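> I am attaching a structure below and will ask some questions about it afterwards.
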DNA sequence: CCATCATCTGAACATCTATTCATATGTTGA
DNA sequence: TCAACATATGAATAGATGTTCAGATGATGG
């Protein structure tokens, strides 16, 4: 059994940096919403859905399923999460529900990250 | 047992939109690197590490562990992923390895997303 | 009201993932 | 070369997550 290694006499290599990082670190709440946001975008199905909505503007569930080539049930579950997180909203029109992106920040993230994917290796 | 629902006579509600979404959709490779990038940022430990590096510039593993309040082993594993994805690089100096952000796009994503976290509800 | 359709939801399953421990690697100074 | 240290890595574990199925909900037109 091993105890947390933490030498008393030489706590950190560069204490100033550790402190600085701690000071400027996102708070607990902020951190949670950050990680949640990214996690939300970290699934292929959800990213596809978001990009579809980014390009087209508004689509109903069954069309979304066709557009991203997934089962409707899968899409519906994915939309549930996206809805819960506030990334999309649904607008009911008769039997159909049309979804669209809600959040300007998410839109920017999608744009920016797509640019990243395109120029991938140019900045390494 | 249920077969994929796909009516032959009325394929889609708005065929133009489905087509448009498909045309503009990220290709398979692009999609993978997109989802991978977001997935990478979708873990609290990794996000903390990245923000620490964003703020401070460069830190060694043990200081990073202290800064994000995690075990060194945990941090080392997290850095492995970040390294593999090209988000960070390590520079060895004696026994220590100093890590820093590699990618300008990742930096922008971090900045932007943090802004998102701050103004969270203002755009809903 | 009934049948049909679009979407939603809970539960179950298999898969993936983060963390941890133990150990390995590589570096330094004595 | 050896002991001490910093970091890395493989394997094991528990916990989270995405997809799917089956059935529920809600809307429409007859």
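Protein chains in written order, with this note's numbering: chain A, 34 to 157; chain B, 34 to 157.
Just so you know, even glycine gets a beta-carbon here, dropped at the ideal spot from N, CA and C.
All figures in this text were calculated on a predicted structure; none of them were measured in a lab.
1) Do the segment 46–63 of chain A and the segment 83–101 of chain B make contact, defined as three or more Cβ pairs closer than 8 Å?
2) Less than 8 Å between the beta carbons of residue 67 of chain B and residue 77 of chain B, yes or no?
3) Short of 7 Å Cβ to Cβ, which residues in the segment 110–131 of chain A face chain B?
4) Measuring alpha carbon to alpha carbon, tell me which residue in B/137, B/81, B/57 is nearest residue 103 of chain B.
5) Give me the subset of the segment 60–90 of chain A whose CB atoms are less than 7 Å from a CB atom of chain B, sorted by chain position.
6) Give the straight-line distance between the Cα atoms of residue 44 of chain B and residue 96 of chain A, rounded to the nearest whole angstrom.
7) Within the same chain, show all residues whose beta-carbon is closer than 7 Å to that of residue 121 of chain A, passing over the 5 residues directly before and after it, in chain order.
8) Using only the alpha-carbon positions, how far apart do residue 62 of chain B and residue 69 of chain B sit?
9) Which of helix, strand or coil does DSSP assign to residue 57 of chain A?
10) Report yes or no: is there a C-beta of chain B within less than 8 Å of the C-beta of residue 53 of chain A?
11) Using a beta-carbon distance below 8 Å, is residue 38 of chain B in contact with chain A?
12) Taking only beta-carbon positions, decide if residue 42 of chain B is within less than 8 Å of chain A.
13) If you run the structure through DSSP and keep just helix, strand and coil, what is residue 128 of chain A?
14) Using a Cβ-Cβ cutoff of less than 8 Å, which residues in the same chain neighbour residue 130 of chain B once the five nearest sequence positions on both sides are dropped?
15) Kindly provide the ranges of any alpha helix (DSSP H) runs that are 4 or more residues long and lie completely inside the segment 81–138 of chain A, ordered along the chain.
16) Expressed to the nearest angstrom, what Euclidean distance is found between the alpha-carbon atoms of residue 74 of chain B and residue 65 of chain A?
17) Run the CB neighbour count on residue 106 of chain A, radius 10 Å, all protein chains shown included, and call it buried at 16 or more, exposed below.
18) Measure how close the beta-carbons of residue 141 of chain B and residue 145 of chain A come, nearest whole angstrom, since I'm counting them as under 8 Å.
19) How big is the Cα-Cα spacing for residue 29 of chain A and residue 46 of chain B?
20) Measure the CB-CB distance between residue 98 of chain B and residue 54 of chain A and report whether it falls below 8 Å.
21) Does any C-beta atom of chain A lie closer than 8 Å to the C-beta of residue 100 of chain B?
22) Taking Cβ positions, are residue 138 of chain B and residue 148 of chain A nearer each other than 8 Å?
23) I'd like to know whether the C-beta of residue 50 of chain B is nearer than 8 Å to at least one C-beta of chain A.
With the structure as the only source:
1) Because the criterion of three Cβ pairs below 8 Å is met, the segment 46–63 of chain A and the segment 83–101 of chain B touch.
2) Indexing the second chain from 1 puts residue 67 of chain B at position 34. Indexing the second chain from 1 puts residue 77 of chain B at position 44. No. Outside cutoff.
3) Contacts with chain B (Cβ-Cβ distance below 7 Å) from the segment 110–131 of chain A involve 119, 129, listed in chain order.
4) Position 70 of the second chain, counted from the first residue, corresponds to residue 103 of chain B. When only C-alpha atoms are compared, the closest one is B/81.
5) Legend: CB atoms of the segment 60–90 of chain A lying less than 7 Å from CB atoms of chain B belong to residues 63, 64, 66, 67, 68, 70, 71, 72, 74, 75, 76, 77, 80, 81, 84, 85, 88, 89.
6) For the purposes of this step, residue 44 of chain B is taken as residue 11 along the second chain, with counting starting at 1. For the purposes of this step, residue 96 of chain A is taken as residue 63 along the first chain, with counting starting at 1. If you take the alpha carbons of residue 44 of chain B and residue 96 of chain A, they lie about 9 Å apart.
7) Here residue 121 of chain A corresponds to residue number 88 of the first chain, with the count starting at 1. 86, 112, 115, 132, 133, 134, 135.
8) One-based indexing of the second chain puts residue 62 of chain B at position 29. One-based indexing of the second chain puts residue 69 of chain B at position 36. Roughly 11 Å separates the two Cα atoms.
9) In the first chain, counting from the first residue as 1, residue 57 of chain A sits at position 24. Helix, per DSSP.
10) One-based indexing of the first chain puts residue 53 of chain A at position 20. Interface residue, yes.
11) By one-based count along the second chain, residue 38 of chain B stands at place 5. With a pLDDT of only 44 at residue 38 of chain B, under 50, the local geometry of the prediction cannot be trusted, and the value read off the model is given with reservation. For residue 38 of chain B, the answer is yes, since a Cβ of chain A falls inside 8 Å of its Cβ.
12) Translated into positions along the second chain, residue 42 of chain B becomes position 9. Note on residue 42 of chain B: pLDDT 44, under 50, position unreliable in the model; no value is reported.
13) Position 95 of the first chain, counted from the first residue, corresponds to residue 128 of chain A. Correct three-state label for residue 128 of chain A: coil.
14) On the second chain, position 97 is the one that residue 130 of chain B refers to. Excluding sequence neighbours, residue 130 of chain B sits near 93, 94, 123, 124.
15) As for any alpha helix (DSSP H) of minimum length 4 sitting wholly inside the segment 81–138 of chain A, the runs are 94–101, 105–117, ordered along the chain.
16) By one-based count along the second chain, residue 74 of chain B stands at place 41. By one-based count along the first chain, residue 65 of chain A stands at place 32. Computed Cα separation, rounded: 12 Å.
17) Within the first chain, residue 106 of chain A is the residue found at index 73, counting from 1. Counting Cβ neighbours within 10 Å, residue 106 of chain A comes out exposed, since fewer than 16 surround it.
18) As a first step, residue 141 of chain B is located in the second chain; it is residue number 108 there, counting from the start. As a first step, residue 145 of chain A is located in the first chain; it is residue number 112 there, counting from the start. Indeed they touch by this definition, with Cβ atoms about 6 Å apart.
19) No answer is possible for residue 29 of chain A: the residues shown for chain A start at 34 and end at 157.
20) Sequence index remark: in the second chain, residue 98 of chain B carries index 65 (1-based). Sequence index remark: in the first chain, residue 54 of chain A carries index 21 (1-based). No, Cβ-Cβ distance for residue 98 of chain B and residue 54 of chain A is not below 8 Å.
21) Locating residue 100 of chain B in the second chain gives position 67, counting from the first residue. With its beta carbon less than 8 Å from one in chain A, residue 100 of chain B belongs to the interface.
22) In the second chain, the residue the question calls residue 138 of chain B occupies position 105. In the first chain, the residue the question calls residue 148 of chain A occupies position 115. Against a cut-off of 8 Å, the Cβ pair of residue 148 of chain A and residue 138 of chain B comes out as a contact.
23) Position 17 of the second chain holds residue 50 of chain B. Output row for residue 50 of chain B: interface = yes.
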